[in-house]
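Scroll down for the structure; my scribbles are underneath it.
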Amino acid sequence: LMKAAEKFDPDRGLRFSTYAVWWIKASIQDYVMRNWSMVRTGSTSSQKSLFFNMRRVQAQIEREAAALGETLDGHQLRARIATEVGVSVADVEMMDGRLSGSDFSLNVQQSNDDDGRFWIDTLEDDATPTAELVVEEHDRRQLRQWLVAAMGELNPRERYIVIERKLRDEGRTLQSLGQELNLSKERVRQLEAAAFNKLRRGLEGQSPELQAFLG
9 LMKAAEKFDP DRGLRFSTYA VWWIKASIQD YVMRNWSMVR TGSTSSQKSL FFNMRRVQAQ
69 IEREAAALGE TLDGHQLRAR IATEVGVSVA DVEMMDGRLS GSDFSLNVQQ SNDDDGRFWI
129 DTLEDDATPT AELVVEEHDR RQLRQWLVAA MGELNPRERY IVIERKLRDE GRTLQSLGQE
189 LNLSKERVRQ LEAAAFNKLR RGLEGQSPEL QAFLG
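Structural data, given as structure tokens:
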């Protein structure tokens, strides 16, 4: 919100509320992507679009293929997703791994033996981290824990509605989601409101940016 206030130019004819919402949404998207995994995800605009749209596009392609009686193998499916989103097949494969997998702790033993080595011991230590990097890493982990905990309070349908309504570049309408989920527009609105209330409670006192975005 402060960044929007700093960059707002009233001479361009835009309302501040419209401009501020754009900046808040961009900050939220960046926040989600940076804390989704310890591995950086979506460093380009095309990868960012893929991150927020891949599962929806994949489901749409699979529905259309099923309606036509087609059977798509993994390569064909990834190729169609790449064409639809406008990215390379390699980007789709990379993002699929990011979204399907989970972070793996290096602080576990390679075997159950008493003298089993830890995975972290197999990494080469090029340099001792600075105090700033240690603090930054701690903050990233804390933010990720908050985010995971808050989103964990939502059921799958609520999470999907929040992502489609608030985290896509162009948020979907209640009517569009209602048609997809076979729900009334009012029921989607109620689920969205319930999800936001859960997120507010989960993030209370922890993330001012998300609190402002949720209203």
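Just so we're aligned, residue 9 is where the sequence shown starts under our numbering, counting upward by one.
A virtual CB, placed ideally from N, CA and C, is assigned to each residue, including glycine.
### Task
Report yes if the C-beta distance between R176 and F60 is below 7 Å; otherwise report no.
Yes, the pair counts as a contact, with Cβ atoms nearer than the cut-off.
### Query
In or out: R71 buried (at least 16 other Cβ within 10 Å) or exposed?
By the neighbour-count rule (16 or more Cβ atoms within 10 Å), R71 is not buried but exposed.
### Message
In the DSSP assignment, the alpha helix (DSSP H) including V95 goes from what residue to what residue?
### Response
No residue range can be given for V95, since it is assigned to no alpha helix (DSSP H) and is classified by DSSP as neither H nor E.
### Query
Under 7 Å between the Cβ atoms of E200 and I171?
I171 sits away from E200, with the two beta carbons spaced by 7 Å or more.
### Query
With burial defined as no fewer than 16 other Cβ atoms inside 10 Å of the residue's Cβ, what is the status of G210: buried or exposed?
Label assigned to G210: buried.
### Task
Work out the CA separation of T79 and A73 for me, nearest whole Å.
The straight-line gap separating the alpha-carbon atoms of A73 and T79 is approximately 7 Å.
### Message
At the level of alpha carbons, what is the spacing between R180 and A157?
### Response
Straight-line spacing of the CA atoms in R180 and A157 works out to 25 Å.
#### Entry: Range covered by the alpha helix (DSSP H) that runs through E161
No alpha helix (DSSP H) holds E161; DSSP gives it neither H nor E.
### Query
Apart from the five residues on each side of it in sequence, which residues of its chain come closer than 6 Å, Cβ to Cβ, to E161?
K206, G210.
### Query
Run through DSSP, which three-state label would S192 get?
Reduced to three states, the DSSP call for S192 is coil.
### Query
Is it buried or exposed for Q84, if we count other Cβ within 10 angstroms and need 16 for buried?
With fewer than 16 other Cβ atoms from the protein chains shown falling within 10 Å of its own Cβ, Q84 counts as exposed.
### Message
Please report the distance separating the alpha-carbon of K174 from that of R64.
### Response
If you take the alpha carbons of K174 and R64, they lie about 15 Å apart.
### Query
What residues in its chain sit with their C-beta under 7 Å from that of S96, if we drop five residues either side in the sequence?
A90.
### Query
Candidates A202, A67, M62, I69: which alpha carbon is nearest D99's?
Shortest Cα-Cα distance from D99 to any of A202, A67, M62, I69 involves M62.
#### Entry: Nearest-angstrom Cα separation, counted from G94 out to L191
For L191 and G94, the gap between their C-alpha atoms comes out near 31 Å.
### Task
Report the three-state DSSP secondary structure of T91 (helix, strand or coil).
Three-state DSSP puts T91 in a helix.
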